[in-house]
Each structure stands twice: as structure tokens, then as C-alpha cells.
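Residue numbers (my numbering): 93 to 385.
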């Protein structure tokens, strides 16, 4: 209750207030789990070991709670699909990221910020915001019954949304596996990856991430037919926030800066960077072989 009361008055007016009231437990889950793990492990040990795993578990708990609070969701195929899609995505990503930090021992994103307790806490709060905002398509649909008279059969927008989600999820899985295998090969130490999907895009996994949330938001938008514009458009915040987060804050800028610093004088990397799109995959015009620094 206190968390909802702390929201701005304008945010709690009109149609959006009913959505937020239905989601108040989800809001608490998304942030309280971050604060708990930060307080128990992150802050005392200055450790990000469980950061990504905590985010994945938060998604899972929030979506399961929102789905199970109303057993009528079992008869709503869109609610079932959205919940299963988020669970499948976060389970796979959580295990992958935990395996990666077990291998690497640290997360470069956190190296500079974890020494400052407040800045490190801000990173955990940002993760809570991401868990809440990105999962809105599932949370909102699970929390609101289909509008009376709304069509439950598969629509063109549903088909497009499911297709985008499947494409994005598979793209992310394949890209992550290719890079993980590349990094695990001792022969590739201090080299950059430019093969497989990484010959089509410098960050194909991020493009997949953005695409899958766009797909889920389209399915949710269709499910909310009959509700007002604010409620229906609230689910669009998911791909918008995810795209902004990866494009301007925690994703592309950090990785591009790291790559430029590490391989900025490598002719093969410079050729790869010139010929390979930053994000949207396109057929490679040139596939330079990676080489040591």
C-alpha cells in the first residue's frame, strides 16, 4: 500500500489507476526482491554474482503471481501465452547469464559502480524498473479480465506478435550460444566474434531482445480490446523501455566503448565495424577474420 501511495497523484487518476491498483503486488515483487538480494549479498560483498539471476527470478515470480491471482486466466489463451513466453524467456536467460558470470567471475558493467553503495543500489533499482516495465504485457493482461465482447480468436495482430516473439527469442538464443561457445574456445582469447549471426549484426542478441518484447506487446494490445487508450498503450511501454535501456544505457554504449578500446586499432575489427550493422541484422558484405590485438 505504501508503495502505491507514494506514486504521483496524476498517475493515480483515471483509468490508469485501476491498472496500477491491480498491479500493486507486482510492483512490490519487482522492487522488494532487488532490495532483499542487494541487502543480503550485493552490498555486503560488493558482488554482482546474483544480479542477473535475481532479475530473472523476479520476472518469473511476478508473472506467476499475476497469472495465478485469477484462475480465469487459464481460459484466456493470450494470458497463457504471454505468461509462458515470459517464463520461458527469463528461465533461459537467467541460466545463461548465471553460467556466464560463473565463468567470467565478474560483470564488466558493474566493475566501476559496485564500489559506491548508492550507485550500486541504483543499478538494482533500475533492474526492478526493467522487471516491472518490460513485463507489462503479461502483468496487465493477467490482471484485467477480457472486455465483454472482446474477440478471443487468433487475429492478424496476434499472429504478427507471436511470430515476432518467436523470431526474437530464437535470435537471442542462437546469438548467445554462438558467442558463449566462441568465448569458451581458448584459441579465441582476446579476439572479437564476427561469425554466425555476429557477421550479420554486431549485437544480434539485443535485436532479438527488443523484437520479442515488441511481439508480446502486440498480443497484449489485442487482448485489451475494449479498454481505453491508456490501458492498451501501457503495454507498449515494454518494448519502448527495453529498446531505450539497451540502446542508450546498459547495452550498446558500454559494449561499443569496450570494443573500441580493446580492438580500436585492429584493422580487421575496423573493417568488421564498417561493414556490419550495429543492431539490425543484414547479410554481410564483408566477413573479416578476427585476429589478436
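Note that CB positions come from ideal geometry on N, CA and C, so glycine has one too. Note that the structure is a prediction, hence the values are computed from the model and not measured.
{"Check": "Status (buried if at least 16 other CB within 10 Å, exposed otherwise) for residue 124", "Outcome": "exposed"}
{"Check": "Beta-carbon proximity check, residue 308 vs residue 174, cutoff 9 angstroms", "Outcome": "yes"}
{"Check": "Nearest-angstrom Cα separation, counted from residue 201 out to residue 342", "Outcome": "8 angstroms"}
{"Check": "Residues sharing a beta bridge with residue 317, DSSP", "Outcome": "319"}
{"Check": "Start and end residues, alpha helix (DSSP H) containing residue 276", "Outcome": "248 to 276"}
{"Check": "Close Cβ partners of residue 375 (< 7 angstroms) along its chain, the five nearest in sequence each way excluded", "Outcome": "292"}
{"Check": "Residue from 223, 310, 164 whose Cα sits closest to the Cα of residue 238", "Outcome": "164"}
{"Check": "Euclidean distance between Cα positions of residue 118 and residue 147", "Outcome": "13 angstroms"}
{"Check": "Residue 151 to residue 145 span [Cα, whole Å]", "Outcome": "10 angstroms"}
{"Check": "Rounded straight-line distance, which links the Cα of residue 344 to that of residue 370", "Outcome": "9 angstroms"}
{"Check": "Run of the alpha helix (DSSP H) containing residue 199, from where it starts to where it stops", "Outcome": "Note, residue 199: premise wrong, no alpha helix (DSSP H); not H, not E."}
{"Check": "Beta-carbon spacing of residue 212, residue 130 below 9 angstroms", "Outcome": "yes"}
{"Check": "Check whether residue 161 and residue 235 have beta carbons under 9 angstroms apart", "Outcome": "yes"}
{"Check": "Ranges of the alpha helix (DSSP H) found wholly within the stretch 347 to 377, counting only runs of at least 4", "Outcome": "359 to 367"}
{"Check": "Segment limits, alpha helix (DSSP H) that includes residue 163", "Outcome": "Segment: none, residue 163 is in no alpha helix (DSSP H) and carries neither H nor E."}
{"Check": "Beta-carbon proximity of residue 262 to residue 300, cut-off 9 angstroms", "Outcome": "yes"}
{"Check": "Helix, strand or coil at residue 100 [DSSP, three-state]", "Outcome": "The predicted model places residue 100 with a pLDDT of 48, which falls under 50 and marks its position as unreliable; any figure quoted below should be read in that light. Residue 100: coil per DSSP, three-state reduction."}
{"Check": "Contacting residues, own chain, Cβ-Cβ under 8 angstroms from residue 169 (five flanking each side not counted)", "Outcome": "244"}
{"Check": "Given 8 angstroms, three or more beta-carbon pairs between the stretch 317 to 331 and the stretch 269 to 288", "Outcome": "no"}
{"Check": "Residue range of the alpha helix (DSSP H) that includes residue 336", "Outcome": "329 to 340"}
{"Check": "Neighbourhood of residue 159 by C-beta, 6 angstroms cutoff - its chain only, sequence neighbours within 5 removed", "Outcome": "165, 175, 234"}
{"Check": "Residue 291 (DSSP reduced to helix, strand or coil)", "Outcome": "helix"}
{"Check": "Rounded straight-line distance, which links the Cα of residue 368 to that of residue 378", "Outcome": "Its pLDDT being 48, under 50, residue 378 is placed unreliably in this model, and the coordinates cannot settle the point."}
{"Check": "Same chain only: Cβ atoms within 6 angstroms of residue 386, ignoring 5 sequence neighbours per side", "Outcome": "Residue coverage of the chain in this structure runs from 93 to 385, which leaves residue 386 outside it and unanswerable."}
{"Check": "Neighbour-count burial assignment, residue 194, 16 or more Cβ in a 10 Å radius", "Outcome": "exposed"}
{"Check": "Cβ-based neighbour list, residue 157, same chain, cut-off 7 angstroms, excluding 5 preceding and 5 following", "Outcome": "117, 118, 121"}
{"Check": "Rounded separation between residue 155 and residue 260 - CA only", "Outcome": "20 angstroms"}
{"Check": "Residue range of the alpha helix (DSSP H) that includes residue 235", "Outcome": "228 to 235"}
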